[in-house]
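First the structure, in the form of structure tokens, and then the observations on it.
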Amino acid sequence: MADFFFQPKRYLITSALPYANGPLHIGHLAGAYLASDAYTRYLRLMGKEVVHVCGSDEHGAAITIRARKEGVSPQEIVDRYHALIKETFERLGVSFDIYHRTSAPIHHETSQEFFRNLYQKGEFVEQETMQYFDEEAGQFLADRYIMGTCPTCGNEEAYGDQCEKCGSTLSPEELINPRSTLTGSTPVLKPTKHWFLPLDKYAEWLKHWINTGELNGLQLHEPADWKNHVVGQCNSWLDAGLHPRSMTRDLDWGVDVPPEIPGAEGKKLYVWMDAPIGYVSATKAWAADHGKDWKIYWQDPETQLVHFIGKDNIVFHCLIFPAILNAHGDYVLPKNVPANQFMNLEGKKLSTSKGWAVWVHEYLDDFPGREDVLRYTIVKNMPEQRDSEFTWKSFQDANNNELVGNLANFINRVLVLTHKFYQGEVPAFDPDEGFTGAFDPDWPSYHDSEMLLMFDHLQEVSRALREFEFREALKRIMELSSMGNSILQYNEPWKTINDDPESVKVVINFSLQVVAALSVVVRPFLPFTSDKMRTMLNMEPIKESGELVRMLDDLAEGLPLLAAGHYVEKPEHLFTRIDDKVIQEQVDKLNQPETTLTENEFSGEPVKENIDYDLFSKMDIRTGTILKAGYVPKADKLLELEVDLGFEKRTIVSGIAQHYKPEEIVGKAVLVLANLSPRKLRGIVSNGMILTAEDAEGNLVFVQPATAVSPGSTVK
RNA sequence: GGCGUGGUAGCUCAGCCGGUUAGAGCGCAGGAUUCAUAAUCCUGAGGUCGGGAGUUCAAGUCUCCCCCACGCUACCA
Numbered sequence: 001m002a003d004f005f006f007q008p009k010r011y012l013i014t015s016a017l018p019y020a021n022g023p024l025h026i027g028h029l030a031g032a033y034l035a036s037d038a039y040t041r042y043l044r045l046m047g048k049e050v051v052h053v054c055g056s057d058e059h060g061a062a063i064t065i066r067a068r069k070e071g072v073s074p075q076e077i078v079d080r081y082h083a084l085i086k087e088t089f090e091r092l093g094v095s096f097d098i099y100h101r102t103s104a105p106i107h108h109e110t111s112q113e114f115f116r117n118l119y120q121k122g123e124f125v126e127q128e129t130m131q132y133f134d135e136e137a138g139q140f141l142a143d144r145y146i147m148g149t150c151p152t153c154g155n156e157e158a159y160g161d162q163c164e165k166c167g168s169t170l171s172p173e174e175l176i177n178p179r180s181t182l183t184g185s186t187p188v189l190k191p192t193k194h195w196f197l198p199l200d201k202y203a204e205w206l207k208h209w210i211n212t213g214e215l216n217g218l219q220l221h222e223p224a225d226w227k228n229h230v231v232g233q234c235n236s237w238l239d240a241g242l243h244p245r246s247m248t249r250d251l252d253w254g255v256d257v258p259p260e261i262p263g264a265e266g267k268k269l270y271v272w273m274d275a276p277i278g279y280v281s282a283t284k285a286w287a288a289d290h291g292k293d294w295k296i297y298w299q300d301p302e303t304q305l306v307h308f309i310g311k312d313n314i315v316f317h318c319l320i321f322p323a324i325l326n327a328h329g330d331y332v333l334p335k336n337v338p339a340n341q342f343m344n345l346e347g348k349k350l351s352t353s354k355g356w357a358v359w360v361h362e363y364l365d366d367f368p369g370r371e372d373v374l375r376y377t378i379v380k381n382m383p384e385q386r387d388s389e390f391t392w393k394s395f396q397d398a399n400n401n402e403l404v405g406n407l408a409n410f411i412n413r414v415l416v417l418t419h420k421f422y423q424g425e426v427p428a429f430d431p432d433e434g435f436t437g438a439f440d441p442d443w444p445s446y447h448d449s450e451m452l453l454m455f456d457h458l459q460e461v462s463r464a465l466r467e468f469e470f471r472e473a474l475k476r477i478m479e480l481s482s483m484g485n486s487i488l489q490y491n492e493p494w495k496t497i498n499d500d501p502e503s504v505k506v507v508i509n510f511s512l513q514v515v516a517a518l519s520v521v522v523r524p525f526l527p528f529t530s531d532k533m534r535t536m537l538n539m540e541p542i543k544e545s546g547e548l549v550r551m552l553d554d555l556a557e558g559l560p561l562l563a564a565g566h567y568v569e570k571p572e573h574l575f576t577r578i579d580d581k582v583i584q585e586q587v588d589k590l591n592q593p594e595t596t597l598t599e600n601e602f603s604g605e606p607v608k609e610n611i612d613y614d615l616f617s618k619m620d621i622r623t624g625t626i627l628k629a630g631y632v633p634k635a636d637k638l639l640e641l642e643v644d645l646g647f648e649k650r651t652i653v654s655g656i657a658q659h660y661k662p663e664e665i666v667g668k669a670v671l672v673l674a675n676l677s678p679r680k681l682r683g684i685v686s687n688g689m690i691l692t693a694e695d696a697e698g699n700l701v702f703v704q705p706a707t708a709v710s711p712g713s714t715v716k
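In terms of my numbering, the first sequence has 619 at position 619, counting the first letter as 1, and numbering is strictly consecutive.
Set out below in structure tokens:
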């Protein structure tokens, strides 16, 4: 491990690009950004050369669909959220060297260069298919942008991928009288080409590289250093067999396929091709601003590349992006991808669409000056190996018991005593004077031996940070503070100051050394606190340029961190208690999600186009009673039902298995779309459809008649 | 359903290649203390290590089966 760490000449750290269609919530911080920030700050404190890049991911279908819904341009959407996200990171003290965006011209150029390179090398597999083209709009139409008459049921509003009425899965060419939803014109079939990355061809070296760290005979990383769930997830994909994946889409928002390539017209890069390349373009933009050569960060084997991501991105960062980088040929591969798992909130999954989240920008508004409290709580509960949980109660406890009671209190005690006894000057002491140390209170200790023990402890903090064990590092930092409290307690300088003033000098001097060490080592996690501590200690602010490695060197040589006679300021409270009322307000706020949303956030599903009564009258909806219910084998979401419609009994397969148990729905009244064309689901012919409504939590519930009606009654 | 990861004290988690009476923090109980933001320090209670079977002189740690959570994936008209 150590070998791999100390060899590289420089580090390139990337954090997952946030998707610019919503604000940041605490899950994002827990998944990637506080880990990457802590790691980057740590590397800087160790005097390493490091660049940390991030930026907004501004392409992809979700953004166009949202823009369409709100009636604004995609650019407006991404501008809004890019600005909000960037500002939120700054306010929280996440220290990217650059926060870029994928709509920037340099990103489009960079992505195109990648595509062009792979194209010219013949890496892509080209596949031509016939697709509908809107001549008025001048573009190929995604399946969803085509409507027409369903060949199965005659529904005139069927989409190119499926008919919402009868449920048939369609391809656009099957539609009768197809029309473009963009212009209403009749589209024509034209040949279109897409370029596939043949992942199947790369599977062998990817598997070898992931599991051994070797590529082309070179040892690139140590697989044992990768997290289990990361390697496991990769092998899961590899064992299932990789398939060629299209790197292009027929869309109107995104990076153009390089125009000189035949058939490029109207084609955009697949968002998962362009997004990781965003790391490269961000690095270029940073290098241009700082007079550096971006290439050494991506193309020199002595650069160590680390991707910080959440577990949902593992396959892209460990398989697809490395495949792209390797196919290009000039690029280094990631040394590690320390993906975190997910953080839940008060027992439930975070969800942007359900509004179940703590929005970071709102936190910063509600808790001014408490940036580090959120940082602390999230790192303390970081989902490093498994999913974890954020609760407001644990947030309050961490603040009141650990930050106030342990850390802030220790520092305050030491500085207060220094002023009380020595007018704020670090006391000189007799090195032969003993006192009670924290590590073994039964034996007298000495200043130099306690300093060495502290040195060992700090090295453990350093090791933990180096190995991405952020919770462990934070815990050990707090232990240091706790040991400081113990020493004060054991020696009781406020008592002994009169009859044994010499021992008090040692105790206070050592305690001040601990505070000085804390001001450095706390930095990766609590940067704002670090600044405040340095001010109180009357020390140079931390610039994150080798302070930690120098401090460790000094300690190894037996040098003090604060010289005798150095004046320290009078203390101020680093953290203050948070009362129940404030916490209760946040809990209440969670339970009224509408107040936490920005105005355009959730318009819900928009009302569909008007239809005639005629069309409605074609639907035959009947009341029914469920007679039998059972699970469908090999399907998690399906229940097979037998429903009494009065005139007959039907078999209906319904996707409600995660909302209802078979035994609890027998005998229930339901509404059934009775003339929906039969369709096979998992080998069972489903003859109709059960009508359900979705509640605020996303659960499906039956729609029923208000009072009992005999089965088979029509619904109008 | 397939694959992956995890399931250890009330809560959050450590426990590496199997080896003495299974650990920490928080919470709880009792005690000490007052320099400090009713903060601190000490002591204690509390666990059949998801369940079952097996390998072994010895298993939380290895093997098999099952259960649960989460992720990816299939199925959701």
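For each residue, glycine too, the CB sits at the ideal point set by N, CA and C.
Small disclaimer: the values here were computed from a predicted structure and weren't measured.
- In this structure, Ser-481 places its C-beta atom within 8 Å of the C-beta atom of Asn-406.
- The C-beta distance from Phe-468 to Tyr-39 rounds to 7 Å, short enough to meet the 8 Å contact threshold.
- The residues Leu-197, Leu-199, Tyr-202 and Leu-206, in chain order, have a CB closer than 7 Å to that of Ala-323 in the same chain once the five nearest residues on each side in sequence are set aside.
- Within 10 angstroms of the beta-carbon of Val-670 lie 16 or more other beta-carbons, which makes it buried.
- Under the three-state reduction of DSSP output, His-100 falls in the strand class.
- Positions of the alpha helix (DSSP H) runs, each at least 4 residues long and wholly inside the stretch 337-395, are given as 360-366 and 371-380 in order along the chain.
- Only residues of its own chain outside the window of five on either side were considered, and among them Glu-640 and Pro-662 have a CB closer than 6 Å to the CB of Gly-630, listed in chain order.
- In the three-state reduction of the DSSP assignment, His-221 falls in the coil class.
- Taking Asp-250 as reference, the option from Lys-190, Asn-216 and Ser-511 with the minimal CA-CA separation is Lys-190.
- His-107 is not a Cβ neighbour of Trp-253, given a cutoff of 8 Å.
- CA-CA distance, Gly-546 to Leu-45, rounds to 4 Å.
- Contact between the stretch 295-305 and the stretch 266-274 is absent: fewer than three C-beta pairs spanning the two stretches fall below 8 Å.
- When DSSP states are grouped into helix, strand and coil, Arg-534 belongs to the helix group.
- Boundaries for Cys-318: no alpha helix (DSSP H) harbours it, and the DSSP string shows neither H nor E there.
- For Gln-127, the closest of Val-306, Ala-16 and Thr-248 by C-alpha to C-alpha distance is Thr-248.
- Every unbroken stretch of the beta strand (DSSP E) spanning 3 or more residues and falling wholly within the stretch 3-82 is given here in chain order: 10-15 and 50-56.
- As the crow flies, the alpha-carbon of Pro-262 is around 56 Å from that of Gln-704.
- Collapsing the DSSP output to three states places Tyr-567 in a strand.
- Judged by DSSP in its simplified three-state form, Pro-105 adopts helix.
- Setting aside the 5 residues that flank it on each side, Gln-219 is surrounded in the same chain by Gly-213, each with a C-beta closer than 7 Å to its C-beta; the list follows chain order.
- Measuring C-alpha to C-alpha distances from Ser-281 to each of Ile-176, Ile-684, Phe-114 and Lys-716 identifies Phe-114 as the nearest.
- The beta-carbon distance between Val-373 and Pro-571, rounded to whole angstroms, is 18 Å. This is too long to meet the 8 Å contact definition.
- Assigned with DSSP and collapsed to three states, Met-478 falls in helix.
- In this structure, Thr-88 keeps its C-beta atom at 8 Å or more from the C-beta atom of Leu-17.
- If you draw a 10 Å sphere on the C-beta of Lys-284, you find 16 or more other C-beta atoms in it, and that means buried.
- Counting along the chain, Met-539 sits inside no beta strand (DSSP E), nor does DSSP assign it H or E at all.
- In this structure, Leu-319 and Asn-326 do not form a Cβ contact; the two beta carbons are roughly 11 Å apart against a cut-off of 8 Å.
- In chain order, Leu-638 and Val-653 place their CB closer than 7 Å to the CB of Leu-681, counting only its own chain and leaving out the 5 sequence neighbours on each side.
- In terms of CA proximity to Val-582, Trp-392 leads the group Ala-706, Trp-392, Pro-541 and Ser-449.
- In this structure, Glu-642 lies near Lys-649, with their beta-carbon atoms less than 8 Å apart.
- Val-337 and His-447 have their C-alpha atoms spaced approximately 42 Å apart.
- Spanning the alpha carbons of Ala-20 and Val-257 requires a straight line of approximately 22 Å.
- With a cutoff of 8 Å on beta-carbon distance, Val-672 and Leu-627 are scored as not near each other.
- Within the same chain, Cβ atoms closer than 7 Å to the Cβ of Ala-657 are found at Tyr-631, Asp-636, Lys-637, Leu-638 and Leu-639, the five residues on either side in sequence being excluded.
- Taking 8 Å as the cut-off, the Cβ atoms of Ala-339 and Lys-380 do not count as close.
- The bridge partners DSSP lists for Ser-180 are Ile-146.
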